[in-house]
Every structure is written in C-alpha cells, then in structure tokens.
Amino acid sequence: MPESLPETIVRASRPVRYAAAAALTVLALFLLVKTFDAIDQFGTGPNRPINSITVSGEGKSTSIPNIAQITFTVQETAASVKDAQDAATKRTNDSLAAMKTMGIEEKDIKTLGYNVYPQYENRAMAPCYPGSACPTQSNKISGYQVSQTVQVKVRDTAKAGDVLQQLGTFGVQNISGPDFMLDDDSTVTDEARAEAIKDAREKAELLAKQLHVRLGDVISFSEGGGYYPMYSGYAKGGVAMDAAVAPSPSLPVGENETNVTVQVTYEIR
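If you count the sequence shown from 1, position 224 lands on 234 in the numbering used here, and the numbers rise without skipping.
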C-alpha cells in the first residue's frame, strides 16, 4: 500500500532538519570560539591593563684621571686690527711651540674661539655742569682687542704643572684648569650602570615580596647621571703673568666619581 502523504513529507524533511541542526551547531561553536578569543585578547592584548611597579637604582664608579685639560686665552690690544692680530698670533704661536716641545701633539691642541672687538673711548660733546643734564657722549673707536682661546689636552698628568708654568712664562692671560678626567669614560660608566641596575632589581624584588606578587618582564628603562671631576683652578684674572720663570705648581690628580641613576618599571603578576 502506498505510504501516506504526511509520512512522506516527514521522511523527506529529516535530512533538512539534520543539516539545519549541524549548521546551528557549527555556528554556535564559531561564536563560542570568537567569544573566548575576544576575552583572551582583552586580557593579553596591547591595550590590556598592566600591573607594574617602578623603582630607581643608583650606581657609582671611581677612577684615576689619565688626562688634564687646560684652557687659556691670549688677549692683545692695538690701534689697528692687524697690529692686535699680529701680537696675539705671535704670543699664541710661541706658547703652542712650547707645548709641542713638551710632547703635546697637534691633535690635542684645539682653538675654542677667536674674537676681534673694537675698543671705544667716550667723549662728551660739551662740558657737563653740576645740576644740569649732561650732553650725549659720543663713542669713538680707540683701538681693537683680539683674543684667542685654546684648549690643550695633556696626556701625561704629571706634566700639567709644567704646562701651566710655561704658559705663565709667555705672559698668557686667563688660564683655567687643569680639569683632570678620563680620555674614555665608557668603561667606568658601564660599571656604574651595572651597579645601578642591580640596585634597582634588588629594590624591586623586595617590594614584590612585600606586595606578595611576582616580578615579570621589564616594561621600561631610563638612565641619567654624570661624572664629577676634581677641579683645580689656576688663573690670574686676565692680568698678564710675570715673564720670569715661576716654579711649577703641585697639582694632585685625585679621583673622579662617575654616577649613574636608572629607573626601571617591572610587570607584576
């Protein structure tokens, strides 16, 4: 007997229902995976909130300077620019020639500045009487001053006093220094930085222990600091020194201290 029409429709619709159920299952799984993925990205993505602590560390390293830096200025005044330049050039060249005879190389001599300034003489336009306004004064050029500033690097610190003595012999004005320093301070800076980072790490570990958290990766790092040399001044306030030979001054070198400070931010978990 032929099957009834309703039974035929029910049997024919079963595959469709199975396919629809399977499609709904796949869609549900897809939405579930996307939901968990969104939650995971919220917790670990670039915009997730990060718990962190920031600590600072300090480190220092001492060193014996191996160079002395001396700066001097030659000043000459004359009625004309040429005469002032000639006088300044002669005094400077004589001084530098003496430096070279002491073993200072050309590469360690550096000009920091060369200047020419007019010198003015103030002249009243008319007599100035007490209790009355004085007439305007006129400025007239009376001469020219030429100055040259030179920096010398003395690699044998024991000769620093002899260099100062020689400069005084040639009547050089405005001597400053020596500044005792290291020719290359990268090694001592590295040592001070390593000590500062260690100090910061120890502080971070102690703080994490007190907060009952664990340290994670370093999030940010910054560094600052500098070195502090012992300074010895030797100058005559711009007055020419006596050309007579003076004894070389005693110049203790001492030590330099290089300080480095760091700031480190750690993730905490």
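The C-beta atom is built at its ideal place from N, Cα and C for all residues, glycine as well.
Residue range of the unbroken beta strand (DSSP E) whose run includes residue i
| i | result |
| --- | --- |
| Asn76 | Where Asn76 is concerned, there is no enclosing beta strand (DSSP E), given that its DSSP letter is neither H nor E. |
| Pro188 | 183 to 191 |
Assigned exposure category for residue i - 16 Cβ within 10 Å defines buried
| i | result |
| --- | --- |
| Gly247 | With a pLDDT of 37 at Gly247, under the threshold of 50, the modelled position of this residue cannot be trusted, and the question is left open. |
| Arg101 | buried |
| Thr197 | exposed |
| Ala202 | buried |
| Ile2 | The displayed coordinates of the chain run from 11 to 279. Any statement about residue 2 would go beyond what the structure contains. |
| Ser71 | buried |
| Tyr127 | exposed |
| Asp227 | exposed |
Other residues of its chain near residue i: CB distance less than 8 Å, five sequence neighbours each side excluded
| i | result |
| --- | --- |
| Gln129 | Thr87, Ile151, Ser152, Gly153, Tyr154, Gln155 |
| Arg224 | Ala218, Ile278, Arg279 |
| Glu131 | Asn149, Lys150, Ile151, Ser152 |
Close-in-space but distant-in-sequence residues of the same chain around residue i (CB under 6 Å, 5 per side omitted)
| i | result |
| --- | --- |
| Ser157 | Thr83, Gln85, Asn125 |
| Ser232 | Gln273 |
| Asp104 | Phe180 |
| Thr167 | Ala78, Val263 |
Residues that DSSP places opposite residue i in a beta bridge
| i | result |
| --- | --- |
| Lys150 | Glu131 |
| Lys120 | Gln161 |
| Leu225 | Ile278 |
| Gln155 | Thr87, Tyr127 |
| Val65 | Val274 |
CA nearest to the CA of residue i, picked from the options
| i | options | result |
| --- | --- | --- |
| Met109 | Gly178, Asp93, Gly123, Ala94 | Gly178 |
| Asn76 | Thr268, Ile114, Gln176, Val263 | Val263 |
| Thr159 | Gln183, Glu131, Val91 | Gln183 |
| Ser194 | Leu106, Ile119, Thr268, Ala31 | The amino acid at residue 194 is misidentified as Ser; the sequence shows Asp. Cα-wise, what sits closest to Asp194 is Thr268. |
Cβ-based neighbour list, residue i, same chain, cut-off 7 Å, excluding 5 preceding and 5 following
| i | result |
| --- | --- |
| Ser260 | Gly171 |
| Ala210 | Val65, Ser66, Gly67, Val272, Val274 |
| Val270 | Gly69, Thr199, Ala202, Arg203, Ala206, Glu233, Gly235 |
| Tyr276 | Ser62, Ile63, Ala214, Leu225, Gly226, Val228, Ile229 |
Boundaries (first-last residue) of the alpha helix (DSSP H) holding residue i
| i | result |
| --- | --- |
| Gly171 | 170 to 179 |
The ligand FAD heavy atom lying under 6 Å from the CB of residue i
| i | result |
| --- | --- |
| Val173 | Looking at this structure, you won't find the ligand FAD or any other ligand, since it has none at all. |
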